[in-house]
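Trainee:
Residue numbers (our numbering): 14 to 91.
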C-alpha cells in the first residue's frame, strides 16, 4: 500500500518540523492535520505547544485557504 505523500514530501515535512522544534527562537508550534476520506472528515489532529497568540488564528486561516486554493488549482490543470 502506498501513501498519499511521497517520501520526499514526508522527509521535507519532518526536516521543517525538526528545525522549528529545535530553533532557539521558536516560542510555539501549531500543527493542524486534516486527512479527509470518502464519506467525510475522519482524521483530524491538532498539536499546540508553547506560546501561541490567538491573533495567529487569522493568519493560519488565510494561509490555509491560499494553500488549499493553490493545491486545488494545480489538480485542475492535470
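Each residue gets a CB set at the ideal place from its N, CA and C atoms; glycine is no exception.
Model, not experiment: these values are computed from the prediction.
Looking only at C-alpha atoms, which of 61, 72, 18 and 52 sits nearest to residue 39?
Mentor: Position 26 of the chain shown, counted from the first residue, corresponds to residue 39. Answer by Cα proximity: 61.
Trainee: Between residue 65 and the rest of its own chain, which residues show a CB-CB distance below 7 angstroms, the 5 nearest in sequence each way excluded?
Mentor: Here residue 65 refers to the residue found at position 52 of the chain shown. Excluding positions up to five away in sequence, the list reads 41 and 43.
Trainee: List the whole-angstrom C-beta distance separating residue 46 from residue 37, where the pair is believed to meet the contact cut-off of C-beta under 8 angstroms.
Mentor: Position 33 of the chain shown, counted from the start, is the residue given in the question as residue 46. Position 24 of the chain shown, counted from the start, is the residue given in the question as residue 37. That belief does not hold up - the Cβ atoms of residue 46 and residue 37 are roughly 26 angstroms apart, past 8 angstroms.
Trainee: Using the C-alpha atoms, what's the distance from residue 27 back to residue 33?
Mentor: Reading the chain shown from its first residue, position 20 is the one you call residue 33. Reading the chain shown from its first residue, position 14 is the one you call residue 27. Approximately 10 angstroms, taken between the alpha carbons.
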